[in-house]
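Please read the structure below before turning to the comments.
Numbering (this note's numbering), first residue to last: 2 to 245.
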C-alpha cells in the first residue's frame with residue numbers, strides 16, 4: 002500500500018514488520034504482478050528498511066569489512082586471535098639467555114669428559130659436546146646483543162667435578178642425568194616462550210638432547226626406565242639454584 006503523499010510504493014516488509022519502500026519516479030506507470038504489491042517500471046530502488054539499509058550499506062573505502070562474530074555455542078571457530086610475535090619478547094630473551102648459559106656449561110663439561118674418558122665414551126663425549134656448541138651458537142645468533150656471554154658457573158662447578166676420576170659407566174650415568182635435566186628444562190621453557198623463533202629453536206634442541214640421554218644411559222649399563230626418561234619436575238634446572 003502506498004504511503005499517502007510520500008511518492009513511494011510499498012513492495013513488501015522485512016521480518017520486523019517495517020515496510021520496505023521504493024521510490025516511484027514521476028511519469029512512470031505502475032503495474033500489478035499477481036498478488037505482489039505494486040511495482041513500477043523504472044523503479045529507483047532505494048530500500049529504507051533500517052535492517053536492509055544496514056546490510057546494503059557499502060564499507061568505506063580503505064576500511065575492512067566487519068565480519069560477523071560467531072554466536073555463543075556456535076560450532077564455527079572464532080578466528081579473531083592475535084598472532085604470536087616472531088622474534089623473542091623481552092621475557093623470552095631472559096629465558097633463552099639462561100638456556101644459553103647452560104649450553105655453554107654443557108660444552109665445557111663434555112670437554113672435561115672427553116679428556117677424562119677413553120674409547121666409546123670419549124668419542125660420544127666429543128660428539129655430544131659439539132652438539133651443545135651448535136645449540137649455543139644458534140641461541141647466540143637469535144639473541145644477538147641480549148645473549149649470555151659465558152657459562153652458568155654454579156651449574157658447571159657442581160657437575161664438572163663429578164666427571165673427573167670416575168669409572169666410565171659412572172661418567173656416562175652422570176652425563177645422562179644432565180641431558181635429561183636439559184630436556185626437562187627446555188620442555189618447561191617451551192610452554193612459556195611466546196616468540197615463534199625462540200620456541201622453534203628450543204623445540205629443535207629437545208629431541209637431540211633426549212637421544213643423547215638414551216645413548217648415555219646405554220653406556221652406563223642401566224636399563225631402568227627412570228634413567229632413560231627422568232623428565233619429572235625434580236629434573237628441571239632451577240634458576241634459583243643455578244642463577245645466571
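Quick reminder that beta carbons are idealized off the backbone N, C-alpha and C, glycines included.
query: Meets three-Cβ-pair contact criterion under 8 Å: the region 170-179 and the region 105-124; result: yes
query: Residue 180 and residue 158 closer than 8 Å at C-beta; result: no
query: Span separating the alpha-carbon of residue 238 from that of residue 166; result: 24 Å
query: Contact set for residue 76: own chain, Cβ-Cβ below 7 Å, skip 5 residues either direction; result: For residue 76, the predicted model reports a pLDDT of 48, less than 50, meaning its position is unreliable; a value from the coordinates is still stated below. Closer than 7 Å at Cβ, skipping near neighbours: no residue.
query: Of the listed residues 200, 207, 169 and 242, nearest to residue 85 (C-alpha basis); result: 200
query: Secondary structure of residue 199, DSSP reduced to three states; result: helix
query: Which listed residue (155, 163, 189 and 211) has its alpha carbon closest to that of residue 235; result: 189
query: Backbone secondary structure at residue 237 - three-state DSSP; result: coil
query: Beta-carbon spacing of residue 205, residue 144 below 8 Å; result: no
query: Environment of residue 244 [buried if 16+ CB atoms lie within 10 Å]; result: exposed
query: Exposure of residue 193, with buried meaning 16 or more beta-carbon neighbours within 10 Å; result: exposed
query: Proximity of residue 202 and residue 101 at Cβ, strictly below 8 Å; result: no
query: 8 Å Cβ cutoff met for residue 172 and residue 118; result: yes
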